[in-house]
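Below you'll find the structure, written out as structure tokens, and then a few comments.
There are 2 protein chains.
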Amino acid sequence: MPRTASFDRNALIAKAREIFWQKGWAGTSMKDLERGLGLHPGSFYAAFGSKDALYELTLDRYVEEGQARLDQLVQTHGALGALKAYLRSVVEDSAMPVRACMLSKTLLELSGQDNQLASRAKQHMATMEARFASLFAQAQDEGDIDKGMSAEKRARRFQSDLMGLRVSAERGDIDALELADEIAADLDRNHFKS
Amino acid sequence: MPRTASFDRNALIAKAREIFWQKGWAGTSMKDLERGLGLHPGSFYAAFGSKDALYELTLDRYVEEGQARLDQLVQTHGALGALKAYLRSVVEDSAMPVRACMLSKTLLELSGQDNQLASRAKQHMATMEARFASLFAQAQDEGDIDKGMSAEKRARRFQSDLMGLRVSAERGDIDALELADEIAADLDRNHFKS
DNA sequence: GGGTTTGTTGAATGATCATTCAAGTATATA
DNA sequence: TATATACTTGAATGATCATTCAACAAACCC
């Protein structure tokens, strides 16, 4: 009976993620989204409910894709290798519209206004941190990293360095790959006792 | 002949810096500024020209005060000691309205929209980086840090770690002081060859 | 103390914001 | 092919945005 929607919802979310990621929450207007997604207001609100709801969808999607990318790196490089490769991948992947982490951008833009999207970003950061921790634990079990410091603490430090790297990369006037390699080198130099 | 202004311009800039720093550029409305500064639109525009012009003033002020704080730490702790103390100070200073660096917040919010304030933030970051580099060079001359890596590269890494630390601190659910101490410890552990 | 100059006030401006909704359109079933 | 059921369209909404400006008030010089 009904008419079928003419758009690919998944593709629209991906496109919206790109727009939000690049221009930020306040920096993205409904007109930007209408133009970028090719959707008129009625269709937009029927499909996604609100600008905020779509933003949240893109945040979730962002983390899912980050996890998937990390999973792939684990399969090809192992736990420690994946962590090191991830550092490079976030600053060299040309498919990414922006260098800085979308979670960081969301947190910094909205935490001062008590926006619930900032809380969501915090949650996702904790999730990523836990994933890193499990990889550090795995690397410790494999003997690639000593057990002198807990996997959780290492993960926290790793994520902090990662976010710093990505803010630095956003500047555009420094060699982010070199910086990524330095951080990666510290994972070996600083953590491995033979 | 003229009537004298009834407000302390310096104090207003300081207050505006607090507001902008906390709520961000788009998150701060003229109504927020009018309320926060106690200024009606006419006076505001007579005094500062525009919201953007005031934001730029506060950015400049922010960096000046950061440099002054760093200078003071150098006098009491020396070059390397100041760098380590600075890490702690940015996350423990309760006078600061926000944990994250205002330059990072500005860069992440506005670089995707080609706003000139983002360029200004980049400039200031480069200035801070140069200051860090001169402190690392001084520490090297004093024998506190080995010369196996250039002061400029160390500075770039230090600033990256610093920004990561401050983004992490913005989350509020982690022990930022512990993280600061870990980064500070690496300055010794990783860089000193006896 | 009058006149001039400057600060202050707050209403008005036009733009843009996210969102709503009624009218129109296309499709799938019957 | 008729009808029901969604999707699509775009004008309208009311709020809020940064900014302007004309009227008013105060302070300093002569």
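Protein sequences, first through last, are from chains A and B. So the mapping is simple: our numbering equals the position in the first sequence, first residue as 1, plus 92. So the mapping is simple: our numbering equals the position in the second sequence, first residue as 1, plus 92. Even for Gly, the Cβ is constructed at its ideal location relative to N, Cα and C. These numbers were taken from a predicted model, which means no experiment stands behind them.
Straight-line Cα distance separating Phe140(A) from Ser181(A): Residue 181(A) sits at position 89 when you count from the first residue of the first sequence. Residue 140(A) sits at position 48 when you count from the first residue of the first sequence. Answer to the nearest angstrom: the Cα atoms are 31 Å apart.
Length of the line joining the Cα atoms of Glu262(A) and Lys239(A): To locate residue 262(A), count along the first sequence from 1; it is residue 170. To locate residue 239(A), count along the first sequence from 1; it is residue 147. Taking the straight line from one Cα to the other gives about 34 Å.
Met217(A) at chain B interface by Cβ criterion, 8 Å: Reading the first sequence from its first residue, position 125 is the one you call residue 217(A). Closer than 8 Å: yes.
Residue-level contact to chain B via CB, Glu157(A), 8 Å cutoff: Looking up residue 157(A) in the first sequence gives position 65. So, not an interface residue.
Best match in Ile275(A), Lys245(A) and Ala247(A) for proximity to Arg258(A) [C-alpha to C-alpha]: Within the first sequence, residue 258(A) is the residue found at index 166, counting from 1. That would be Ile275(A), whose Cα lies nearest to the Cα of Arg258(A).
Exposed unless 16 or more other CB atoms sit within 10 angstroms - verdict on Ser286(B): Working through the second sequence from its first residue, we reach residue 286(B) at position 194. Per-residue confidence for Ser286(B) stands at a pLDDT of 43, beneath the threshold of 50, marking its modelled position as unreliable; no derived number is given.
Classification of Asn102(B) by the beta-carbon crowding that lies within 10 angstroms, buried from 16 upward: One-based indexing of the second sequence puts residue 102(B) at position 10. Classification for Asn102(B): exposed.
Gly116(B) and Glu201(A) closer than 8 Å at C-beta: Along the second sequence, one-based indexing puts residue 116(B) at 24. Along the first sequence, one-based indexing puts residue 201(A) at 109. Their beta carbons are under 8 Å apart, which means Gly116(B) touches Glu201(A) by this criterion.
Integer Cβ distance of Ser260(A) from Ala268(A), believed to fall under 8 Å: As a first step, residue 260(A) must be located in the first sequence, where it is residue number 168. As a first step, residue 268(A) must be located in the first sequence, where it is residue number 176. With a Cβ gap of about 6 Å, Ser260(A) and Ala268(A) count as contacting.
Residues near Ile111(A) in its chain [Cβ-Cβ closer than 7 Å; skip 5 each side]: What you label residue 111(A) is simply residue 19 of the first sequence in a count that begins at 1. Closer than 7 Å at Cβ, skipping near neighbours: Thr120, Asp124, Leu125 and Gly128.
Leu279(A) versus Gln114(B) - alpha carbon distance: Translated into the one-based positions of the first sequence, residue 279(A) becomes position 187. Translated into the one-based positions of the second sequence, residue 114(B) becomes position 22. Roughly 34 Å between the two C-alpha positions.
Chain B contact for Arg212(A) (CB, 8 Å cutoff): Within the first sequence, the letter at position 120 stands for residue 212(A). By this cut-off, Arg212(A) is not an interface position.
Minimum Cβ-Cβ distance from Ser286(B) to chain A less than 8 Å: Here residue 286(B) is taken as the residue at index 194 of the second sequence, counted from 1. Unreliable placement is indicated for Ser286(B), whose pLDDT of 43 sits below 50; the coordinate value is still reported in the next sentence. Closer than 8 Å: no.
Closer than 8 Å to chain B by CB, Gly119(A): On the first sequence, position 27 is the one that residue 119(A) refers to. Closer than 8 Å: yes.
Contacting residues, own chain, Cβ-Cβ under 6 Å from Asn196(A) (five flanking each side not counted): Taking the first sequence and counting its residues from 1, the one referred to as residue 196(A) is at position 104. This sequence places Ser at residue 196(A); Asn is not what is there. If we look at Ser196(A) and ignore the five residues flanking it on each side, its Cβ neighbours are Met255.
Through-space distance from Leu271(B) to Arg153(B), alpha-carbon basis: Locating residue 153(B) in the second sequence gives position 61, counting from the first residue. Locating residue 271(B) in the second sequence gives position 179, counting from the first residue. If you take the alpha carbons of Arg153(B) and Leu271(B), they lie about 27 Å apart.
Buried or exposed by the 16-neighbour rule on C-beta atoms within 10 Å, applied to Thr96(A): Sequence index remark: in the first sequence, residue 96(A) carries index 4 (1-based). Label assigned to Thr96(A): exposed.
Beta carbon proximity, Lys123(A) to chain B, threshold 8 Å: Numbered from its first residue, the first sequence carries residue 123(A) at position 31. Chain B contact via Cβ: absent.
Between the CA atoms of Ala145(A) and Asn207(A) - distance to the nearest angstrom: As a working mapping, residue 207(A) is identified with position 115 in the first sequence. As a working mapping, residue 145(A) is identified with position 53 in the first sequence. For Asn207(A) and Ala145(A), the distance between alpha carbons rounds to 13 Å.
Chain A contacts from the region 190 to 213 of chain B (Cβ-Cβ distance under 8 Å): Val190, Ala192, Ser196, Lys197, Leu199, Leu200, Glu201, Leu202, Ser203, Gly204 and Gln205
Buried/exposed call for Asp185(A), threshold 16 Cβ in 10 Å: Taking the first sequence and counting its residues from 1, one reaches residue 185(A) at position 93. Asp185(A) comes out exposed.
For Gly173(B) and Ala231(B), the rounded distance between their alpha carbons: Taking the second sequence and counting its residues from 1, one reaches residue 231(B) at position 139. Taking the second sequence and counting its residues from 1, one reaches residue 173(B) at position 81. Taking the straight line joining both Cα atoms gives about 9 Å.
4-residue-minimum alpha helix (DSSP H) runs that sit fully inside the region 105 to 166 of chain B, ordered along the chain: 122 to 129 and 133 to 140
Buried versus exposed, by CB contacts within 10 Å (16 or more), Ala108(A): Locating residue 108(A) in the first sequence gives position 16, counting from the first residue. Per the 10 Å Cβ criterion, buried.
Chain A contact for Leu269(B) (CB, 8 Å cutoff): Against the second sequence, residue 269(B) aligns to sequence position 177. Chain A contact via Cβ: absent.
Minimum Cβ-Cβ distance from Val259(A) to chain B less than 8 Å: By one-based count along the first sequence, residue 259(A) stands at place 167. Val259(A) counts as touching chain B.
Simplified DSSP assignment, three categories, for Lys285(B): The residue you call residue 285(B) lines up with position 193 of the second sequence. Residue confidence is low: Lys285(B) scores 48 on pLDDT, short of 50, so the model does not pin down where it sits. Its coordinate-derived value is still stated next. DSSP places Lys285(B) in coil when its eight states are reduced to three.
Own chain residues within Cβ distance below 7 Å of His216(B), not counting five before or after: Numbered from its first residue, the second sequence carries residue 216(B) at position 124. Result list for His216(B): Leu151, Val155 and Leu195, in chain order.
Exposure of Thr168(B), with buried meaning 16 or more beta-carbon neighbours within 10 Å: Locating residue 168(B) in the second sequence gives position 76, counting from the first residue. That one is exposed.
Residues of the region 220 to 253 of chain B with Cβ closer than 8 Å to any Cβ of chain A, in chain order: Lys245, Arg248, Arg249, Gln251, Ser252 and Asp253
Three-way DSSP call (helix, strand, coil) for Ser196(B) in this model: As a position in the second sequence, residue 196(B) is number 104, starting the count at 1. DSSP places Ser196(B) in helix when its eight states are reduced to three.
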